[in-house]
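Colleague:
Spelled out as structure tokens, the structure:
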């Protein structure tokens with residue numbers, strides 16, 4: 001099917017789905033809390049996609065999954081929600097209706113339908129770096145990607161892994177020294193002011209690919225350093 005002929009969904013007000021909004025809920029031993037509302041949700045991370053293996057099966061909201069519709073799965077957004085997903089590597093975007101839970105791979109932000117993954121160029125690779133922004137019903141939401149001139153501009157989306165955030169810089173420095181001893185890669189401290197106080201974030205990167213990030217996350221977990229947070233920057 002030529003997904004370029006498919007029409008993107010238009011955000012509209014819908015009641016919460018009867019199914020799929022239980023909060024908290026637990027999958028694979030980990031608990032998740034569904035957001036009370038989707039207002040102002042905006043996050044960057046790694047997207048994956050799911051296709052014909054799940055085509056026709058019921059989603060968490062008990063709607064059948066249709067790989068040829070623009071839909072998505074998210075761990076914490078209320079079902080249903082509408083979001084714009086933009087591929088940070090080529091600036092292509094798509095509006096999707098979130099009606100399922102997942103992905104439960106620890107460092108993935110959103111799981112796109114096959115059609116949505118093809119529309120923004122993630123399908124061939126399996127994953128991509130994306131920006132996810134909730135769209136409010138009743139507002140003007142232009143569909144499609146940025147103009148060709150913007151798409152032609154080179155993009156430099158980069159992957160970092162945040163291993164901790166500390167109010168005391170000395171604690172951040174101790175984490176850096178541990179990482180350097182383990183030779184995990186390039187590490188830095190990023191200091192920012194959050195609600196009138198300084199926060200020192202310890203980060204590894206930039207990393208060359210999602211696969212490299214996945215491998216490094218496995219090493220970090222084996223060392224007992226916890227589950228790092230994926231951060232995407234341009």
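Residue numbers (our numbering): 1 to 234.
Note that CB positions come from ideal geometry on N, CA and C, so glycine has one too.
Keep in mind that this is a model prediction, so the values were computed, not measured.
1. With contact counted as at least three CB pairs below 8 Å, one residue from each stretch, are the segment 195–214 and the segment 157–165 in contact?
2. What does DSSP give as the partner residues of residue 87 in its beta bridges?
3. Could you tell me whether the Cβ atoms of residue 70 and residue 115 are closer together than 8 Å?
4. Could you please give the first and the last residue of the uninterrupted alpha helix (DSSP H) stretch that includes residue 215?
5. Is there contact between the segment 92–105 and the segment 179–186, where contact requires at least three CB pairs shorter than 8 Å?
6. For residue 134 and residue 76, what's the separation of their Cα atoms in angstroms?
7. Let me check understanding here. Comparing Cα to Cα, which of 49, 15 and 10 lies closest to residue 129?
8. Which runs of the beta strand (DSSP E) at least 3 residues long sit entirely within the segment 14–38? Give them in chain order.
9. In angstroms, rounded to a whole number, what distance separates the CA positions of residue 66 and residue 91?
10. Does DSSP put residue 10 in a helix, in a strand, or in coil?
11. For residue 122, I'd like the list of residues in its chain whose CB is within less than 7 Å of its CB, leaving aside the five on either flank, ordered along the chain.
12. Residue 232 by DSSP, collapsed to three states: which one?
Modeller: Taking the structure as given:
1. The segment 195–214, when compared against the segment 157–165, does touch it at the 8 Å Cβ threshold.
2. 130
3. Yes. Within cutoff.
4. 210–222
5. Result no; under three Cβ-Cβ pairs closer than 8 Å.
6. 12 Å
7. 49
8. 25–27 and 30–32
9. 25 Å
10. coil
11. 47, 49, 87, 112 and 128
12. strand
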